[in-house]
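Asks: Residue numbers (the numbering used here): 320 to 486.
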């Protein structure tokens, strides 16, 4: 029974990643700034990587009853972090513009994934499946942290630009 629940959660997770990719690709189509297009292209590519990884986990659980090894290829996350958090990019994103709204929506999507994975990990009785979902929750928490840092800096930029500082 637990494997069936894991499979259902994985199907939902795959769908979340596919939808996330579609969202990021729409941001790419909507913005004219090449650096920002690059950021969201990287995010879309990561969502595809995630969906593929989750599909392999689904197949493994369906065929063997156990998840596959939790190894995801390193997609140069440090490059993504340095690109996204570069001063040039932060200056190009208007804190109240479309791209900032996309970042905020992305945080919500990633938080939802953390919530789903954490909830299932807490309910899982099989240690391998529990470990898989804990690992997945932590993976998504990294995205939330990254996007949250960018959102915080954009918010502070708005406050500074509009003299909203209380001191």
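Even for Gly, the Cβ is constructed at its ideal location relative to N, Cα and C.
Count the other CB atoms, across all protein chains shown, that sit within 10 Å of the CB of residue 343; report buried if there are 16 or more and exposed otherwise.
Replies: Per the 10 Å Cβ criterion, buried.
Asks: Just to check my reading of the structure: residue 435 and residue 469 have Cβ atoms closer than 8 Å, yes? What is that Cβ distance to the nearest angstrom?
Replies: Not a contact, Cβ separation roughly 23 Å.
Asks: Compare the C-alpha of residue 449 against each of 460, 355, 437 and name the closest.
Replies: Of the listed residues, the one whose Cα sits closest to residue 449 is 437.
Asks: Does the beta-carbon of residue 350 have 16 or more other beta-carbons within 10 angstroms, so that it is buried, or is it exposed?
Replies: Buried.
Asks: May I ask you to report which of helix, strand or coil DSSP gives residue 332?
Replies: Helix at residue 332.
Asks: Going along the chain, which residues of its own chain have a beta-carbon closer than 8 Å to the beta-carbon of residue 377, five neighbours each way excluded?
Replies: Excluding sequence neighbours, residue 377 sits near 326, 329, 330, 333.
Asks: By alpha-carbon positions, which one of 368, 379, 418, 338 ends up nearest to residue 356?
Replies: Of the listed residues, the one whose Cα sits closest to residue 356 is 418.
Asks: How about residue 447 and residue 386: are their beta carbons less than 8 Å apart?
Replies: Yes, they are a contact pair.
Asks: Note down the Cα distance separating residue 452 from residue 440, rounded to an integer number of angstroms.
Replies: When rounded, the distance between both Cα atoms is 5 Å.
Asks: Should residue 353 be labelled buried (16 or more other beta-carbon atoms within 10 Å of its own) or exposed?
Replies: So residue 353 ends up on the exposed side.
Asks: Just to confirm, is the Cβ distance from residue 340 to residue 367 under 8 Å?
Replies: Yes, Cβ-Cβ distance for residue 340 and residue 367 is below 8 Å.
Asks: Could you check how far apart the C-beta atoms of residue 363 and residue 347 are, in whole angstroms? I think they sit under 8 Å.
Replies: Between residue 347 and residue 363 the Cβ distance is about 7 Å, and since that is below 8 Å, they are a contact.
Asks: What does the alpha-carbon distance come out to for the pair residue 444 and residue 426?
Replies: Between residue 444 and residue 426, the C-alpha separation is close to 29 Å.
Asks: Between 433, 466, 475, which lies nearest to residue 459 when the distance is taken from Cα to Cα?
Replies: For the residues 433, 466, 475, the minimum Cα distance to residue 459 belongs to 433.
Asks: Under three-state DSSP, which class holds residue 421?
Replies: Reduced to three states, the DSSP call for residue 421 is helix.
Asks: Would you call residue 420 buried or exposed, if buried means 16 or more other Cβ atoms sit within 10 Å of its Cβ?
Replies: Exposed.
Asks: Alpha carbon to alpha carbon, how far is residue 442 from residue 365?
Replies: If you take the alpha carbons of residue 442 and residue 365, they lie about 27 Å apart.
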